[in-house]
Structures are given as structure tokens and as C-alpha cells.
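So in our numbering, spot 221 of the sequence shown is number 208, and the numbers just go up one at a time.
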Amino acid sequence: MKQQQRFILALVASAAVLFLWNYLFPPPKPPQPNANANANVQQAASPSASPTAQALATATPAPAQASSFPAPTPDSVPQRKLRIVTPLYETTFDTRGAVATSWIIKKNKDTGRDLYAASSTRNNPQQLELIPTPPPGVAADQLFRPFQVTTGDAAVDGALANRNYRTPGPSAETGDATIDIPSGSKQIDFVIHDDATGLDATKRMTFFADRYIAQVELKLTRNNQPVPDAKIVIGPNIGDQSIDHYSFYLYAPEGIAMVNGAVSRINALQIHADRRNNGLFSSLFEWLGLKSPVTKPADRDTIDGQVQWAGSDDTYFSMVAVPARPTSGLEYRTVSYEHKTNGKPEQRYLVTGFVPVPTDGSKTEIYVGPKDHRLLASASEDVKQLGGPAVDLGEVINYGFLGSMRRFLAVPILWSIQKLQHVTGSYGIAIILFTIFIYSLFFPLKWQSSRKMKKAQKYAPRMKELQEK
């Protein structure tokens, strides 16, 4: 009885400490977005308004500033599609906005095997597309696109998103083009000048034939002055686009970031909500009315702290940007749409990351590929060799609860199974052999335990007699 009373007293004391701590030291309120940032989500009436400004229909509106926008400069550069083909992947860029409209993974760099979408069959292989097409009910101009650049200034963002970029060099001819990169690397410059805003922008993309890493070098000036606080779009919803149903083991695309040395995973519901999720106990106190919720703009979540890398991923694939130096101001946004699974409507969200990057021409490394621990380790080395910071992209993999311990165990197990697979040519046989090996390690313990149990059985009749007495 005394033990039960002590247990109840401990529970009450713990709850009191947690309540007083959250009451006396509430979490800081998130900073309010400035007028320029809010203007970025306005559906402005001016022709120079960016599609970026229309992509967040449910975001908190700001006072319209369309009347102050400069008149757009006539665009004399034709719109083109550039298809970049490497042995590992192929991607398509639209010169309007200099954005990626397709990114198809073709081959596993480690095994050399071709990769196909999850919906593929033996007789009908499907390409492994990582960038979504506009969902039903969501117009194309409501979508952000990978590598789109935003600044928080609606006029500048309109020029960055709507103007056709020039591509000086061998790919400068008019019309669509295919650029093959069988080996080495290839640089492509996307350049615009806008008289109305005084904007000069150069986005240099470098593609490599033998790695999943691409480079972005961004230079932005306005009236010959650097443009600060630029962000590059990662997403929306990077992952295998053939997957129609999500589950516990096959989760929907979400945001992921390394902030202040810790991994944060930002799911769509967290971004869509109009209040911050500060943990289990805070949510409990808010539900009981003992604590006021911390509000935030719906469909928008700003991640405080220094960002080492950030991006978007699903269970098996990711797109991650690694800036040249830690930055701040990471933001995620959502747009809701209706998806039908087996004829039943379901609300889903497009999750888009806005990763702050330097605008002085510093290199930002972009990983786009499988979430394989060996490939991610190789990509981490590639980032360092290319002049980027030292990072561990293996953290992109979601190992779940107690992830550090699980990763410590999973990596050597996977390594062993893969080595056995190389010898046997079959993963099934490799798993059987590995299982036999693990059981053989514990065989001495089981044998000793069995001997002791048999020895104890000899004394069972005597023990029974003693119990009956």
C-alpha cells in the first residue's frame, strides 16, 4: 500500500513540476512574418505577380501592394525545355523560372542496377519520377518548382519566376534541347536581367555524370546591390510519384532538416495547423485549458536556428540542399488538394521547403537520389570534396524511435547481408545464411541453458514432494 501511495505521489509531483515549468517558462512566440514575406503569398492583381505569390491560397494575407509594383519588362527570350541526361538520372529544366519540372532516377550508382517506380511490373516498367505533376484541383501556377528562387519581394519574385532565362554557351540556340553528360560534369548558366526591377540574376547549375549531387551557384543583385535573404525551393513532395497509398511503413513526403545539429522532421499536418506543436505535455496542458496555444500562420512553419541542410523526402528518396555555410530562416509551406484512392476522396498536402542560400555565388550542393546509407555516405564525401561543409547525409534516413541506436545496429547488419548477397547472388539465401550465423553465436548459451534445465528436471519430483508437505 505504501508503495502505491509513493507511486501516486511521484506522478502528482512530476505533473506539478511540468505544469509549473511550462507556466513560468513558456516557449518563445514565433517571429511575425514581415510585410514583404506576407506579400509573397498575396494573389496580386498585377501581371508581374509571381506564381509563388499564388501557391499558398490558405496563408494569412497581407495588405495588397500591387499598385506599387513596377510595370513588367517585355520578355523577348523564348521559353525552352532543357533535358539533361546522365548515366544515373535525367532531369528537365524549364527556362521560364529556371526550374526543374522532372527528375527521373535511372540507376543505382552502387549496384549498377536500373531503378523503376514502385508501380512497375515485369512487363510494364515505369520511370522513377521524383517531381509531382499538378494534382487535380491545383493549377500549375499554384505550384512551386524545385530550384525556384524567392526573396520576399513580390516584384522581384515575379521576375524570377515568370521571366524566361537565357542560357549562354553551347545550349543557347532556340528550341528545346537535350544535353548528354556521359562522363565528367557540365555547367549550365541561367541568366536574366529585368529593367523594371533592376534585377540581375545568374543561376549556374553543375551536373555530374557519376554522382547524385548537383551544384547551384546563385548570384542576385538589384540595381547593382546584393539581394539578401534569398531562398531556393526544394520540393514539393519529392519521392516516388507512382505511390498511391501511404501507410506507417510508407510515409507521405515531408520536410527534413538538420538545424542546430539536430534532425527535424516536419510533416504536412504540422505545417498546415494554425498552432505550433511543442510536444506531448504542452499539447496536454493546452487541451486541459491550462496553457494557451502558440499560434502561427496556417500552412506555414518557420524553423528557428542555424540550418546545415534541409529538403524534402519520402520513405526511399530525398532532395536535400546543403548551403556553403549555415543559414537561418528555413520555412516550409503546404497547399491542400483532394486525392482519390479507390474512388474515395482524401485530403492531401503538397509540402514545399524554402531553404535560405547565399546570393554571392557560393556553391549550394543538392543531393537528389535514393536514401541508401552507402550512397548517402558517398554523397557526404562528395559534398566535402566539392568544397562544401562536412555533413552526414546519412541522417536523412528515418530510423524511427531510438534512431541512433537502431542506426548503429542496422548499418553492420545491412553490410553483412549485402556482402553475402554478392557471394550468393540472392538476397533470400543471404538472409538465411545471416540468420544461421546469428543463431550460431547464441548456440553455446542455449546449450548451457538446456543442460541446466535437464538437470533441474531431475529434482522436480523432490521439489513437488516438498511443496505438498
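Even for Gly, the Cβ is constructed at its ideal location relative to N, Cα and C.
These numbers come from a predicted model, not from an experiment.
Endpoints, the alpha helix (DSSP H) within which residue i is located
i, result
"GLN532", "A query on residue 532 cannot be resolved here, the shown segment of the chain reaching from -12 to 456 and no further."
"ILE419", "414 to 445"
"GLU368", "360 to 372"
"ASP144", "141 to 149"
Anticipated Cβ contact below 8 Å, residue i with residue j, distance rounded
i, j, result
"VAL246", "LEU317", "7 Å"
"PRO119", "GLN228", "5 Å"
"ILE418", "ILE400", "Their Cβ separation, rounded to whole angstroms, is 10 Å, which puts ILE418 and ILE400 out of contact at 8 Å."
"VAL281", "VAL378", "Contact flag wrong, Cβ pair sits at about 30 Å."
"ASN149", "GLN66", "Wrong, their Cβ atoms sit about 10 Å apart, outside the cutoff."
"THR154", "ILE168", "Actually they do not touch by this definition, with Cβ atoms about 15 Å apart."
"THR463", "LYS68", "The displayed coordinates of the chain run from -12 to 456. Any statement about residue 463 would go beyond what the structure contains."
"ALA188", "LEU147", "6 Å"
"PHE421", "LEU407", "6 Å"
"LEU186", "VAL143", "6 Å"
Opening and closing residue of the beta strand (DSSP E) in which residue i lies
i, result
"ASP81", "76 to 81"
"VAL307", "304 to 309"
"ASP176", "172 to 181"
"LYS96", "Premise fails: LYS96 is in no beta strand (DSSP E) and is neither H nor E."
"LYS68", "68 to 72"
"ALA164", "164 to 167"
Per DSSP, cross-strand counterpart(s) of residue i
i, result
"LYS206", "THR189 and ASP347"
"GLY242", "ILE253 and SER299"
"GLU116", "ILE91"
"LYS327", "PRO332"
"ARG449", "In DSSP, ARG449 forms no bridge with anything."
"ALA201", "PHE194 and ILE353"
"GLU318", "THR289 and PHE341"
"ARG262", "THR282"
"ARG153", "VAL178"
"ILE219", "VAL136 and VAL342"
"ILE86", "Per the sequence shown, the amino acid found at residue 86 is Val instead of Ile. Note: VAL86 sits in a beta bridge opposite ASP81."
"PRO213", "THR208"
| said: For the structure I just gave you, are there three or more beta carbon pairs, one from the region 383 to 398 and one from the region 110 to 117, closer than 8 Å? | reply: no
| request: Flag this pair as touching only if the region 122 to 137 and the region 247 to 264 have three or more C-beta atom pairs under 8 Å; answer yes or no. | output: Because the criterion of three Cβ pairs below 8 Å is not met, the region 122 to 137 and the region 247 to 264 do not touch.
| query | Touch check for the region 277 to 287 and the region 303 to 315: three-plus C-beta pairs under 8 Å? | reply | No: the two stretches stay apart, fewer than three of their Cβ pairs being nearer than 8 Å.
| query | Does the region 295 to 308 come close enough to the region 323 to 335 to have 3 or more Cβ pairs within less than 8 Å? | reply | no
| said: Counting beta carbon pairs with one atom in the region 364 to 375 and one in the region 234 to 243, are three or more of them shorter than 8 Å? | reply: no
| Three-pair Cβ contact test at 8 Å for the region 216 to 233 versus the region 342 to 354 | yes
| Taking three-plus beta-carbon pairs below 8 Å as touching, is the region 187 to 197 in contact with the region 98 to 111? | Fewer than three Cβ pairs drawn from the region 187 to 197 and the region 98 to 111 lie within less than 8 Å of each other, which leaves the two stretches out of contact.
| message | Using a Cβ distance threshold of 8 Å, determine whether the region 198 to 215 contacts the region 347 to 355, with at least three qualifying pairs required. | response | yes
| task | Say whether the region 207 to 218 touches the region 80 to 88, bearing in mind that this needs 3 or more beta-carbon pairs closer than 8 Å, one atom from each stretch. | result | no
| Contained beta strand (DSSP E) runs [length at least 3] in the region 379 to 417, N- to C-terminal order | List check, beta strand (DSSP E) in window: nothing returned.
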